[in-house]
Every structure is written in C-alpha cells, then in structure tokens.
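See below for the structure under consideration.
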Amino acid sequence: MLKGERMIEIENLTKKFGDLKAVNNLSFKVEKGTIWGLLGPNAAGKTTTMRILTGYLPATEGKAVVAGFDVFDQQNEVKRITGYLPEHVPLYPEMTVRSYLDFVAAIKQIPSKQKSQAIEKAIAVSGLESVRGRLIRNISRGFKQRVGIAQALIHDPQVLILDEPTIGLDPAQIKEMRLLIKSLKGDRTIILSTHILAEVTQTCDGVVIINDGNLMANGSLDELTATAQTKNGVFIRIRKGEKKQEELFNKITGVENVLFDGEGFLIEWSKEQNIQKDITQTVVENDLILLEMRPLAMNIEDLYLKVVSGGVEQ
Amino acid sequence: MKNIWAVCKKEIKTYFTSPIAYVVITVFLVLVGFFFHSLIWWFNSQSLQMASNPYYAQQMNINQMVYTPLFHNISIILLLLIPLLTMRLFSEEKKIKTDELLFTSPISINQIIIGKYLASLFVLFTMLLITGVYSLFTFAYGNPEIAPLLCGYLGLFLMGAAFLALGIFFSSLTENQIISAILTFGTLLLFWVINWASFSAAGAWKDVLNYLSIFQHFDEITKGILDTTDVVYYLSFIFFGLFLTHSSIQSRRWR
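First to last, the sequence lines map onto chains L and W. Residue numbers for the first sequence, in our numbering: 485 to 798. Residue numbers for the second sequence, in our numbering: 14 to 268.
Given below as structure tokens:
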C-alpha cells in the first residue's frame with residue numbers, strides 16, 4: 485500500500501484513562517512526504533493519538549515510531565524532529581510574537597548562531613511580519629493560529645503534527661491556513677486532525693478514520709473511496725419525470741436498481757459494467773428532456789458517515 | 014545548561030512584565046522599611062537613655078537589638094509573600110495549556126523545574142539585595158558587625174529558597190493559582206510551628222519535631238551561628254520540594 489519510506493508507524497497503540505479506552509489497538513502507517521488526515525467525530529481519540537506521537541502522553545500499550553525513533557524510548561530524538569501544534573495553541577499572552585518565538589527556538593535547541601535566522605524564516609513563512617512586535621494577547625485569532633504554526637516549524641522539523649489547525653477561523657482564514665499547510669509539505673510529513681471533511685479532500689493525500697478509539701479506515705483518498713464504492717451509478721433528472729418511467733431504465737441490460745426520489749432517478753449497476761451509453765440512448769429514444777445527469781461518486785463525506793456509523797461494507 | 018537558562022530567562026521576563034514581581038517586591042520593601050525604621054528609632058532612643066551610663070552604653074549592640082528582630086520580621090513577611098511568587102509557576106502553564114509546548118520540546122522535566130526555580134530565586138535575591146540599602150545607613154552612622162549581618166541574610170535566603178521549593182511543588186499540583194498559594198502558605202505555617210507539638214511529645218519525636226521546624230533552624234542562623242545542620246536542613250528541604258515537583262509532573266502525565 486505504501487510506496488515510499490515510512491515516516492510514522494503506529495502499532496497496536498492503546499491508551500487508557502482509568503477504565504476509559506481513548507485509543508484502542510490502533511495501527512497505521514504514514515508515508516514520508518505526505519499529508520495525512522486524522523478524521524473522526526469529537527472524542528474519537530484524535531488528540532490522544534497525537535499527544536502520544538509527540539511524547540506528551542505515554543501510551544498504555546503498543547508502539548509508535550517516528551522516523552525510526554521509538555516515541556517512548558527515544559523521546560528526545562523524536563521531539564527534536566517533530567513540530568506540534570496542539571488544539572489549544574500554547575501561547576504566552578504577555579509575550580510579543582518575536583520574543584515568544586525566541587523562547588521556543590531556545591527550548592527546541594536551535595543553536596544560537598542559527599536562531600535569529602530560524603525565527604525570521606518562521607515569521608516569513610507563517611505571514612507574521614505585521615504583528616511581530618505585538619503582544620500575543622492583542623492579536624487576532626487567525627494570527628494566533630499562525631503563531632502556533634510558526635512555533636511548530638521553527639526548528640524545521642521533518643514531521644508536523646497539527647491538531648485541528650483551522651478550528652475557530654473564518655472561511656477566508658481557513659482557506660489561507662489550508663494553503664499554508666500545503667506549502668509546508670515539501671519533504672515533510674504532516675498529520676493533521678480535523679472533523680471538517682472538506683479540509684481532508686482539499687489538503688490530504690490520505691486519511692485515517694477513527695471512532696471511539698478504533699481504527700475504522702486507513703488509506704489514500706482514492707483507495708478508500710474506491711473500496712467503499714461497490715456499485716457505479718448516475719443521477720438523472722428529466723422534465724416531467726414520473727415514477728412509472730423507472731421501467732424504461734430498468735429494461736436496460738445490466739441495470740441493477742432504479743429509484744425515483746421525487747426529483748430524479750438514481751440508477752445503479754455493478755462496477756464491472758459500462759452502460760452509461762445505453763442510458764443516454766434510452767433518454768434520446770424516448771424523447772425525454774434531459775435536465776441533469778451526474779455520476780454518483782462516493783465522496784469522502786459518504787465514506788465518513790458510512791464508516792463512522794458502522795464500518796466499511798465489504 | 015542552555016535549556017535551563019532559556020526557561021529561567023523566560024520566567025524572569027514573565028515576573029517583570031506582569032505586575033506580580035513589582036507588587037510583591039514593593040510590598041516587601043515597604044514592610045521591611047517600616048520594621049527597620051521602627052527598630053532603629055527604638056534603638057536610638059535606648060542609646061540616648063543609656064549614653065549617660067558607660068556600662069550600659071557598652072551593652073548596646075545594633076546586631077542584637079536591630080538586626081536579629083528585623084530578620085525575624087522579614088522571615089514572617091517572606092512566609093506571607095513567597096506563596097504569591099510561586100503560585101503561577103506551573104499552574105499557569107497548565108491553565109493556558111503551554112505545558113503542551115514545554116513537554117513536547119526536547120528539554121527534560123528537570124531542566125524546566127530548575128529553570129523556573131532559579132528564576133524565583135532571582136526574585137528573592139533581588140528583594141533581599143535591595144533591603145541591603147537600608148543597612149548602608151547603619152554602617153554610615155553606627156558600627157554593626159558585618160559577619161552576623163551576612164549570616165542573617167544567608168539564613169533569610171536559604172529559608173526563602175526552601176519556601177520557594179515547596180511553593181513550586183504546590184504549583185505543580187493544581188491549575189488554580191489561589192489553591193496553589195493557600196496550600197503553600199498553610200504548609201509553610203505548619204512547618205513553622207511544628208515544634209510547638211514537641212512540648213507534649215516524648216523521646217525521639219521531640220527531636221524530630223524540633224528538627225523539622227523551619228523557624229528553629231533560622232533562629233540559630235540569625236544569632237550568627239552558622240551550623241552545617243541548619244544549612245543541610247534547608248538544602249534537603251529544597252531538594253525534597255523539587256523532587257516532589259518532578260514526581261507530581263511525571264505522575265500527572267502517566268495517569
């Protein structure tokens with residue numbers, strides 16, 4: 485499944501808080517240089533998984549490896565190459581943006597000679613030029629999120645872990661943040677968690693879907709939608725469509741199911757066949773006035789709902 | 014070492030960009046100034062009365078009559094103010110979630126604790142240093158002995174350092190600064206008076222309770238007697254406080 489080098493490997497990871505299993509026997513791998521989305525409803529275990537990966541929380545059982553370093557035994561090595569933006573951006577409101585980044589650069593062990601260069605670069609990449617001298621408490625939510633990003637990438641980490649990077653931003657800011665994250669990719673590996681599905685289709689190469697701490701699906705977007713989709717289909721809307729016209733489509737060889745939903749017809753056939761042509765022919769031959777025809781592709785939203793409400797149908 | 018310094022520098026900056034350090038230092042200096050003034054005034058009036066009698070005049074000792082009671086007063090002020098210096102050290106990080114930044118950075122828990130502790134020591138040191146200005150007047154107009162004076166300051170510093178170590182521990186227990194301050198103050202007060210229980214205790218307990226008392230050790234030092242037992246007591250108090258802080262942070266993450 486994975487072509488390139490593996491950057492993050494999680495094996496049978498379990499985290500218990502008392503009797504509550506926040507993460508249950510989770511395993512997945514992320515390829516180097518890709519953006520992977522960690523998807524799931526609230527309280528699914530996304531944040532816990534990320535906290536374990538960054539060394540903030542120890543796991544109860546299992547193994548997590550980042551760039552070949554074990555998250556539990558080689559914490560310092562992992563911390564050195566990982567940038568982390570927690571869900572709640574860790575900012576000191578009394579500091580200026582610049583002095584905050586200065587402090588972060590110091591505790592991320594950037595040698596003093598490269599320090600100011602690293603800070604300048606982080607400021608430039610995250611677009612913080614205009615607020616560098618201001619107190620963090622006085623800057624807007626969007627800028628705070630950017631400071632969070634700057635903080636995560638100041639030591640030029642190979643792995644970026646972003647917990648809900650677009651939460652609390654307005655639509656324009658969300659778009660900017662998305663572009664920013666995409667631009668950060670390069671040869672970095674990025675994991676981001678979210679429950680906004682559009683975000684995943686627009687930024688990620690692959691997804692891990694978890695629910696109640698369990699792995700529900702894992703793979704590249706194309707792979708996942710392809711496996712979840714068992715049938716091909718189209719949606720057809722014609723002028724003056726009626727229930728009785730279902731018959732017309734049912735007669736086409738290969739069609740397995742036709743459904744009139746009041747507006748149009750949902751026509752499904754098995755994956756192997758290719759009968760779009762027959763369908764258009766039927767439309768033309770019967771003098772139907774075609775208003776709309778679109779393929780019924782399984783999108784990430786359908787996949788997500790399907791997966792979260794009871795696992796992928798095979 | 015560099016990591017410790019990074020944390021320490023940030024903490025010192027925070028102390029002095031927020032009003033906390035200024036308020037604590039100001040209140041401290043005003044109170045110490047008041048006590049110093051009262052004691053000097055009393056000493057002067059006593060000296061004037063005794064001046065006619067050469068024998069009594071010889072007995073007038075500024076170290077014993079001004080500095081020993083002054084140091085006792087300062088120790089009480091520290092008891093009240095130090096919980097306010099330490100209360101936010103870890104509570105605040107937890108509350109504004111910046112602990113997630115600290116604990117996911119390549120820096121050890123010990124380095125974070127020591128960095129923060131050193132910053133609080135710096136504030137304590139600054140507080141005590143400024144009160145040294147008061148003593149310049151006694152040197153200008155009188156003849157105090159310098160050794161017991163320095164010994165007293167050392168005692169204050171050691172005792173303050175022990176208070177800070179306990180305060181930092183309570184700060185690591187809760188994200189509420191007020192709870193952290195109250196717990197620190199209560200525990201310090203208990204350690205202060207713990208030897209009172211020794212009156213009713215018997216045998217070895219009596220010695221243990223006496224040994225545990227913070228004030229007992231401080232009293233010895235202000236008399237100008239620098240005993241290793243007392244120094245060891247404070248150093249172990251500090252070590253124990255920082256050790257507990259480490260355990261509390263570690264256990265919180267493992268829970």
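Where a beta carbon is used, it is the ideal one built from N, C-alpha and C, also for glycine.
Out of the options, which one is the CA nearest neighbour of residue i?
{"i": "residue 570 of chain L", "options": "L:662, L:639 and L:675", "result": "L:675"}
{"i": "residue 521 of chain L", "options": "L:580, L:725, L:683 and L:707", "result": "L:683"}
{"i": "residue 494 of chain L", "options": "L:749, L:698, L:737 and L:791", "result": "L:698"}
{"i": "residue 695 of chain L", "options": "L:514, L:502, L:533 and L:686", "result": "L:533"}
{"i": "residue 136 of chain W", "options": "W:95, W:47, W:81 and W:235", "result": "W:95"}
{"i": "residue 253 of chain W", "options": "W:33, W:75 and W:176", "result": "W:176"}
{"i": "residue 780 of chain L", "options": "L:510, L:732, L:709 and L:615", "result": "L:709"}
{"i": "residue 585 of chain L", "options": "L:673, L:793, L:636 and L:735", "result": "L:636"}
{"i": "residue 723 of chain L", "options": "L:767, L:702 and L:518", "result": "L:767"}
{"i": "residue 191 of chain W", "options": "W:247, W:99, W:168 and W:263", "result": "W:99"}
{"i": "residue 702 of chain L", "options": "L:497, L:731, L:669 and L:513", "result": "L:513"}
{"i": "residue 566 of chain L", "options": "L:592, L:544 and L:547", "result": "L:592"}
{"i": "residue 734 of chain L", "options": "L:721, L:745, L:750 and L:542", "result": "L:750"}
{"i": "residue 785 of chain L", "options": "L:775, L:769 and L:686", "result": "L:686"}
Output the boundary residues of the beta strand (DSSP E) element that contains residue i.
{"i": "residue 694 of chain L", "result": "690-695"}
{"i": "residue 523 of chain L", "result": "519-523"}
{"i": "residue 513 of chain L", "result": "504-515"}
{"i": "residue 621 of chain L", "result": "Careful: residue 621 of chain L lies outside any beta strand (DSSP E) and carries neither H nor E."}
{"i": "residue 734 of chain L", "result": "Unbroken run through residue 734 of chain L is the alpha helix (DSSP H), 730-734; no beta strand (DSSP E)."}
{"i": "residue 491 of chain L", "result": "490-501"}
{"i": "residue 677 of chain L", "result": "673-678"}
{"i": "residue 645 of chain L", "result": "643-647"}
{"i": "residue 569 of chain L", "result": "566-569"}
Checking the sheet assignment: what are the DSSP bridge partners for residue i?
{"i": "residue 702 of chain L", "result": "L:692"}
{"i": "residue 753 of chain L", "result": "L:716 and L:739"}
{"i": "residue 553 of chain L", "result": "L:550"}
{"i": "residue 721 of chain L", "result": "L:776"}
{"i": "residue 28 of chain W", "result": "Looking at the DSSP assignment, residue 28 of chain W forms no beta bridge with any residue, so it has no partner."}
{"i": "residue 116 of chain W", "result": "For residue 116 of chain W, which the question treats as bridged, DSSP gives no partner whatsoever."}
{"i": "residue 580 of chain L", "result": "L:619"}
Examine chain L for any beta-carbon lying closer than 8 Å to the beta-carbon of residue i, and answer yes or no.
{"i": "residue 37 of chain W", "result": "no"}
{"i": "residue 116 of chain W", "result": "yes"}
{"i": "residue 6 of chain W", "result": "Residue 6 of chain W lies beyond the stretch modelled for chain W, which goes from 14 to 268, so this question has no answer here."}
{"i": "residue 31 of chain W", "result": "yes"}
{"i": "residue 27 of chain W", "result": "yes"}
{"i": "residue 266 of chain W", "result": "yes"}
On the DSSP letters alone, give me the boundaries of the alpha helix (DSSP H) that residue i sits inside.
{"i": "residue 79 of chain W", "result": "Counting along the chain, residue 79 of chain W falls outside any alpha helix (DSSP H), and DSSP gives it neither H nor E."}
{"i": "residue 684 of chain L", "result": "681-687"}
{"i": "residue 531 of chain L", "result": "530-537"}
{"i": "residue 663 of chain L", "result": "655-668"}
{"i": "residue 147 of chain W", "result": "122-154"}
{"i": "residue 69 of chain W", "result": "67-72"}
{"i": "residue 108 of chain W", "result": "104-108"}
{"i": "residue 784 of chain L", "result": "784-792"}
{"i": "residue 161 of chain W", "result": "159-186"}
{"i": "residue 200 of chain W", "result": "190-206"}
{"i": "residue 762 of chain L", "result": "760-769"}
Examine chain W for any beta-carbon lying closer than 8 Å to the beta-carbon of residue i, and answer yes or no.
{"i": "residue 578 of chain L", "result": "yes"}
{"i": "residue 563 of chain L", "result": "yes"}
{"i": "residue 795 of chain L", "result": "Because residue 795 of chain L sits at a pLDDT of 46, beneath the cut-off of 50, its placement in the model cannot be relied upon, and the point is left open."}
{"i": "residue 572 of chain L", "result": "yes"}
{"i": "residue 760 of chain L", "result": "no"}
{"i": "residue 587 of chain L", "result": "yes"}
TODO: Inspect the CB distances between the stretch 527-536 of chain L and the stretch 712-729 of chain L and report whether three or more fall short of 8 Å.
DONE: no
TODO: Would you check if there are 3 or more beta carbon pairs closer than 8 Å linking the stretch 538-548 of chain L to the stretch 114-122 of chain W?
DONE: yes
TODO: Indicate whether the contact test is met: 3 or more Cβ pairs, each with one atom in the stretch 118-130 of chain W and one in the stretch 146-162 of chain W, closer than 8 Å.
DONE: no
Open item on the list: With three or more C-beta pairs closer than 8 Å as the rule, is the stretch 561-578 of chain L touching the stretch 599-606 of chain L?
Closed with: no
Open item on the list: Does the stretch 76-96 of chain W come into contact with the stretch 222-239 of chain W, if we say contact requires no fewer than three beta-carbon pairs (one atom in each stretch) closer than 8 Å?
Closed with: yes
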